[in-house]
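Trainee: I have a structure I would like to understand better, so I am pasting it below and will then ask my questions one at a time.
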Amino acid sequence: MFATLQPFDLIIQPGWNNSGPRHWQSHWQRRLGARRVDNADWTHPLLDDWLDGLDAALDRCVKPALVIAHSLGCIAVAHYARQRPERIAGALLVAPADVERAFVPAELMNFAPVPRQALPFPAKIVASSNDPFCKTARAARLAGYWQAPITWLQHAGHINVDSGHQQWEEGWPLLRQLAWRAQRHLESRTVATAIG
Numbered sequence: 003m004f005a006t007l008q009p010f011d012l013i014i015q016p017g018w019n020n021s022g023p024r025h026w027q028s029h030w031q032r033r034l035g036a037r038r039v040d041n042a043d044w045t046h047p048l049l050d051d052w053l054d055g056l057d058a059a060l061d062r063c064v065k066p067a068l069v070i071a072h073s074l075g076c077i078a079v080a081h082y083a084r085q086r087p088e089r090i091a092g093a094l095l096v097a098p099a100d101v102e103r104a105f106v107p108a109e110l111m112n113f114a115p116v117p118r119q120a121l122p123f124p125a126k127i128v129a130s131s132n133d134p135f136c137k138t139a140r141a142a143r144l145a146g147y148w149q150a151p152i153t154w155l156q157h158a159g160h161i162n163v164d165s166g167h168q169q170w171e172e173g174w175p176l177l178r179q180l181a182w183r184a185q186r187h188l189e190s191r192t193v194a195t196a197i198g
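Following the working numbering from start to finish, the sequence shown increments by one per residue and tops out at 198.
Put into structure tokens, the structure is as follows:
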């Protein structure tokens with residue numbers, strides 16, 4: 003597991019209200035030595051501020067970066083990919099929040115509309131069959147927009163502490179698969195550059 007991740011720096015991109023100490027993102031951060039995005043305001047998120055926070059975290063990377071995002075953080079990554087896609091080697095997008103749903107909290111509206119362009123780096127979406135913040139049809143549509151394969155978890159809620167996902171080491175194989183794809187992608191780009 004850890005050997006697969008050696009070529010990369012790991013960035014934790016939480017969602018709305020950050021991820022507390024019992025959240026799986028916090029566990030992964032400790033176990034994997036990942037760096038967390040440091041946003042000025044997690045409670046009243048502004049898209050531009052979140053993009054700046056992710057950019058600052060990527061500035062501190064010395065190796066290609068894999069971003070591990072949750073909820074609203076997934077939408078931030080999709081927006082960031084339109085600006086500086088070369089800075090991300092791959093992204094694990096867990097329980098993306100639907101910021102275009104009916105009755106979405108007002109605090110999240112400035113993250114809409116969701117980018118509809120294919121992500122230019124390897125990505126994996128992990129979605130739940132009963133996520134209260136993103137219906138299955140909507141999660142499938144995001145996967146189509148972003149051209150990212152999707153893994154479904156059955157009855158996993160929002161894949162957070164409230165749904166019983168604290169350490170969530172069951173997700174590590176998905177991260178390992180993403181790292182493998184990202185490494186192949188980087189190698190193919192290197193070969194293409196050398197040939198060109």
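All C-beta atoms in this analysis are idealised placements derived from N, C-alpha and C, irrespective of residue type, glycine included. For clarity, every value in this text was computed on a predicted model and none was experimentally measured.
From Val128 to Asp40, what does the alpha carbon distance come to, in whole angstroms?
Mentor: Answer to the nearest angstrom: the Cα atoms are 23 Å apart.
Trainee: Which of the three DSSP states is assigned to Arg24 in this structure?
Mentor: Three-state DSSP puts Arg24 in coil, outside helix and strand.
Trainee: Using the beta-carbon count (16 or more within 10 Å), is Ala104 buried or exposed?
Mentor: Exposed, since its Cβ has fewer than 16 Cβ neighbours within 10 Å.
Trainee: How far does the beta strand (DSSP E) with Trp154 in it extend, from its first residue to its last?
Mentor: Per DSSP, Trp154 belongs to the beta strand (DSSP E) from Ile152 to Leu155.
Trainee: Would Leu49 pass as a contact of His72 if the rule is Cβ separation under 8 Å?
Mentor: Taking 8 Å as the Cβ cut-off, Leu49 and His72 do not qualify as a contacting pair.
Trainee: Under three-state DSSP, which class holds Gly146?
Mentor: Helix at Gly146.
Trainee: Across the segment 59-66 and the segment 24-33, are there enough close Cβ pairs to call them in contact, namely three or more that are closer than 8 Å?
Mentor: The segment 59-66 is not in contact with the segment 24-33.
Trainee: Should Gln27 go down as buried or exposed, given a rule of 16 or more other Cβ atoms within 10 Å for buried?
Mentor: Gln27 is buried by the Cβ-count criterion.
Trainee: Can you grab the Cα-Cα spacing for the pair Trp182 / Gly166, in whole Å?
Mentor: Cα-Cα distance, rounded: 28 Å.
Trainee: Assuming Ala145 and Ala93 form a contact by the criterion Cβ under 8 Å, report the distance between their Cβ atoms to the nearest whole angstrom.
Mentor: About 13 Å separates the two Cβ atoms, so there is no contact after all.
Trainee: Report the three-state DSSP secondary structure of Ala97 (helix, strand or coil).
Mentor: It is coil, neither helix nor strand.
Trainee: Could you check what DSSP says for Asp11 in three-state terms: helix, strand or coil?
Mentor: Residue state, collapsed to three classes: strand.
Trainee: Considering only residues of the same chain and omitting the five flanking positions on each side of Leu176, which have a CB-CB separation below 7 Å?
Mentor: Only Leu94, Lys126, Val128 and Thr153 meet the Cβ criterion.
Trainee: For a test of the three-state rule: what should DSSP assign to Ile77, helix, strand or coil?
Mentor: It is helical.
Trainee: Please work out which residues of its chain come closer than 8 Å, Cβ to Cβ, to Glu109, disregarding the five sequence neighbours upstream and downstream, and give them in chain order.
Mentor: Closer than 8 Å at the Cβ level, and outside the excluded window around Glu109, lie Trp18, Thr45, His46 and Pro47.
Trainee: When the Cα atoms are used, what is the spatial distance from Gln169 to Pro23?
Mentor: Computed Cα separation, rounded: 10 Å.
Trainee: Does DSSP put Arg86 in a helix, in a strand, or in coil?
Mentor: It is coil, neither helix nor strand.
Trainee: Can you name the start and end residues of the beta strand (DSSP E) that Leu110 belongs to?
Mentor: Leu110 -> no beta strand (DSSP E), and no H or E assigned at all.
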